[in-house]
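Yeah, the sequence shown ends on 524 if you go by my numbering, and it's all consecutive. Glycine is no exception: its CB is placed at the ideal position from the N, C-alpha and C atoms. Read the structure below first, then the notes.
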Amino acid sequence: MILHIPNYFYGILVFLTLQACNKSNKSDTQIDFCKNIHRNDSMSLSKALEPVKANMIHKTGVYVLEDGDGAMVTRAWLSEYAENTIDVQYFIFSTDNVGLIACDYLVRAADRGVKVRILVDDIMVEASGEEILTMDSHKNISVKVYNPGVNLGKNILKKLYKYSTDFKSANQRMHNKSFIVDGKVAITGGRNVADEYFDYNHDYNFRDRDVLLLGKVTKVMLSSFNDFWNSPLSVSVSKLVDDKIKHDETDIKFQKLHQYACNPENFWPQVRDKIQKLPLAFKAIQESGDLVWLDSVFFVTDYPGKNDGKKGLNGGGVSTNALIKLIQEAKHSVDIQSPYLITTELGRNLFSDAVKRGVKVRILTNSLGSTDNLEAFGGYQKGRESLLKTGVRIFEFRPDSKERYKLMTGALQKEIEYKPVFGLHAKSMVVDGKITVIGTFNLDPRSANLNTECFAVIHSEKVSRGVLNGMEEEFKPENSWETTLKFNPDSKSGNLKRIKTFPRKILPKAIL
13 MILHIPNYFY GILVFLTLQA CNKSNKSDTQ IDFCKNIHRN DSMSLSKALE
63 PVKANMIHKT GVYVLEDGDG AMVTRAWLSE YAENTIDVQY FIFSTDNVGL
113 IACDYLVRAA DRGVKVRILV DDIMVEASGE EILTMDSHKN ISVKVYNPGV
163 NLGKNILKKL YKYSTDFKSA NQRMHNKSFI VDGKVAITGG RNVADEYFDY
213 NHDYNFRDRD VLLLGKVTKV MLSSFNDFWN SPLSVSVSKL VDDKIKHDET
263 DIKFQKLHQY ACNPENFWPQ VRDKIQKLPL AFKAIQESGD LVWLDSVFFV
313 TDYPGKNDGK KGLNGGGVST NALIKLIQEA KHSVDIQSPY LITTELGRNL
363 FSDAVKRGVK VRILTNSLGS TDNLEAFGGY QKGRESLLKT GVRIFEFRPD
413 SKERYKLMTG ALQKEIEYKP VFGLHAKSMV VDGKITVIGT FNLDPRSANL
463 NTECFAVIHS EKVSRGVLNG MEEEFKPENS WETTLKFNPD SKSGNLKRIK
513 TFPRKILPKA IL
């Protein structure tokens, strides 16, 4: 089975436990789980892309990654066959099972000479400086932290001082998510790196969505990554912490990480099988026409820092303005999935105007039973009635959604004792059935004004039809409840969870 080791962020916490079997006490009887795991040295990313090389010059290939299993396998294969660079930008990079295996793939790529850059936001870092410095110590891996000062290397007094003296800056986080390989292939979307974003958690998973992009638009994504990487807000971990690492021990730590990743108890053989067979799957996708080549694919991203702060906790940003424009130009329909739904007067007026123009607006968000964020849900509860009065239809995702059985990784489906709750985490929008937005933007003031966000805007009826088909399934009664002025599904959750939302309603809406 896949183990679940809940612990947020990417610091190599597992290294401390993996050192139990070090060089000096490794016995001849220790199992070498990696002995039958071989990379195919005759394969490379360039060779895999050769059939579409001409298309990639002037067009963008688009393939939507709906299920977490496929999204994880794709990242793993790209890491395994990268030739020059891997650039990773995430809000959360966990040290649970999926996160540790992802770390191993990045280390092995770096061992081959691939230059790996990892940029993560400070607020979710829960590893020690020594653990993160271990990863950064690899000659081909560099780790930076965005907007430090509220977490890494700070004690509680320093954290409180930051919030009390520079509240807006402390709340400005990097929510961008991108995975770029060799500047040719990229993934963006809602998923962070942790078990629950890839349908592997035994208790709670997210219904999420990413998009795989090849060719033209990846140059824009790489340029955005470089802007963040080179920003004064992004600081090397070596400048943030005073911890010292013993360089003569780092090799054994990386070896033990690899042993962990090769262990079939931690990484199912059938999943590794899928990774090895991905080129065949990629060929089948091309031949089926599911990989769509387009002229009109755009990558929208905020700049580091989001806005100039002249409007306090407000101010919007590039991503906010782009979404407003898309809704203002909608003619017939707007279908949205957002895990957090906290609307201001500006947002409600935007939807109200659309409804008055004859645009049908539907939004799927989390129910109290499915949400992972009670603070955000409390904010949603306060504005739910006002939003409904604009004419928007609201649906709330069921924690026992039938969709979860289809989403769970195939191996987990066979373990019938596990019936994990699923919550919505996809951040997607389809406008007029022909424009699709897939990215990181939540419908809340934090995404609108504080967090940097990014998303792909895809002009394609075919892509929109595929995403909308998935949305239609999730609007069905077996997957969500429709909330009205006379009914909401809060009562279907336990009393304790309902009570917990009350104190959260006093938080300022701007930071939810």
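Using the beta-carbon count (16 or more within 10 Å), is residue i buried or exposed?
| i | result |
| --- | --- |
| Tyr117 | buried |
| Leu172 | exposed |
| Ser459 | buried |
| Asp99 | buried |
| Ser492 | buried |
| Ser106 | buried |
| Gly359 | buried |
| Gly11 | Outside the shown range of the chain (13 to 524) lies residue 11, about which nothing can therefore be said. |
| Leu222 | Reading off the sequence, residue 222 comes out as Asp, not Leu. Asp222 comes out buried. |
| Lys196 | buried |
| Glu486 | buried |
| Leu25 | For Leu25, the predicted model reports a pLDDT of 29, less than 50, meaning its position is unreliable; a value from the coordinates is still stated below. So Leu25 ends up on the buried side. |
| Tyr212 | buried |
For a quick check, are the C-beta atoms of residue i and residue j less than 7 angstroms apart?
| i | j | result |
| --- | --- | --- |
| Pro501 | His437 | no |
| Ala334 | Val312 | yes |
| Leu57 | Asp254 | no |
| Asp433 | Pro411 | It is Val, not Asp, that sits at residue 433 in the sequence shown. Contact: yes. |
| Thr332 | Leu399 | no |
| Asn461 | Asn361 | no |
| Asp108 | Asp207 | yes |
| Thr262 | Ser440 | no |
| Asp215 | Arg203 | no |
| Ile192 | Leu234 | yes |
| Arg129 | Glu92 | no |
| Leu112 | Val137 | no |
| Lys127 | Thr146 | no |
| Gln184 | Lys318 | yes |
| Asp444 | Ala342 | yes |
| Gln101 | Leu131 | yes |
| Val119 | Phe266 | yes |
| Leu306 | Ser472 | yes |
Have a look at residue i and residue j and give me their C-alpha separation to the nearest angstrom.
| i | j | result |
| --- | --- | --- |
| Gly506 | Leu497 | 21 angstroms |
| Lys38 | Lys268 | Confidence at Lys38 is low in this model, with a pLDDT of 40, below 50, so its placement is unreliable and the value that follows should be read with caution. When rounded, the distance between both Cα atoms is 11 angstroms. |
| Gln396 | Gly73 | Per the sequence shown, residue 396 should be read as Arg rather than Gln. Taking the straight line from one Cα to the other gives about 38 angstroms. |
| Gln340 | Glu78 | 27 angstroms |
| Ser503 | Lys509 | 10 angstroms |
| Leu252 | Val157 | 9 angstroms |
| Arg405 | Val373 | 6 angstroms |
| Thr495 | Leu380 | 12 angstroms |
| Leu290 | Val304 | 18 angstroms |
| Pro225 | Leu169 | Checking the displayed sequence, the identity of residue 225 turns out to be Leu instead of Pro. Rounded to the nearest angstrom, the two C-alpha atoms are 44 angstroms apart. |
| Gly328 | Met186 | 14 angstroms |
| Ala366 | Lys414 | 32 angstroms |
| Lys286 | Ala273 | 15 angstroms |
| Pro281 | Glu299 | 27 angstroms |
| Arg477 | Gln271 | 43 angstroms |
| Phe210 | Gln288 | 18 angstroms |
| Gly324 | Tyr392 | 22 angstroms |
| Lys418 | Leu292 | 23 angstroms |
| Ser36 | Asn217 | Caution applies to Ser36, whose pLDDT of 35 falls short of 50 and renders its modelled position unreliable; the value that the coordinates give is listed next. Whole-angstrom Cα-Cα distance: 40 angstroms. |
| Ala296 | Lys256 | 49 angstroms |
| Thr41 | Asn275 | In this predicted model, Thr41 has a pLDDT of only 39, less than 50, meaning its place in the structure is not dependable enough to derive any value. |
| Ser246 | Thr230 | 21 angstroms |
| Phe237 | Asp314 | 11 angstroms |
| Ile153 | Ala114 | 14 angstroms |
| Thr513 | Ile447 | 35 angstroms |
| Leu338 | His70 | 25 angstroms |
| Asp260 | Lys151 | 13 angstroms |
| Phe45 | Arg87 | 22 angstroms |
Which whole-angstrom value is the C-beta distance of residue i and residue j, which I expect to be below 8 angstroms?
| i | j | result |
| --- | --- | --- |
| Phe409 | Asn378 | 5 angstroms |
| Gly390 | Gly201 | Rounded, the Cβ-Cβ distance is 26 angstroms, inconsistent with contact. |
| Ile538 | Ile348 | Here the chain comprises residues numbered 13 to 524, so residue 538 is not present and cannot be evaluated. |
| Val85 | Val283 | 7 angstroms |
| Asn67 | Gly227 | 6 angstroms |
| Val249 | Gly141 | 7 angstroms |
| Val442 | Val469 | About 11 angstroms separates the two Cβ atoms, so there is no contact after all. |
| Thr464 | Asn188 | 6 angstroms |
| Val162 | Ile135 | 6 angstroms |
| Asp123 | Asn159 | The pair is not a contact, with the Cβ atoms about 31 angstroms apart (cut-off 8 angstroms). |
| Leu480 | Leu353 | Contact doesn't hold; Cβ gap of about 19 angstroms is too wide. |
Compute every distance between the C-beta of residue i and the non-hydrogen atoms of the ligand ADP, then say whether any falls below 6 angstroms.
| i | result |
| --- | --- |
| Asn454 | Here there are no bound small molecules, and the ligand ADP is not part of this structure. |
Does the beta carbon of residue i sit closer than 7 angstroms to a beta carbon anywhere in chain D?
| i | result |
| --- | --- |
| Ala468 | Considering every chain present, this structure includes no chain D. It has just one protein chain. |
Run through the region 385-445 for me and flag every whole beta strand (DSSP E) of 3 or more residues, listed as ranges in chain order. 405-409, 433-436 and 440-443
Uninterrupted alpha helix (DSSP H) stretches inside the region 142-204 (no shorter than 4 residues): 168-177 and 179-183
In chain order, each alpha helix (DSSP H) run of at least 4 residues that lies wholly inside the region 226-288: 228-242, 259-274 and 281-288
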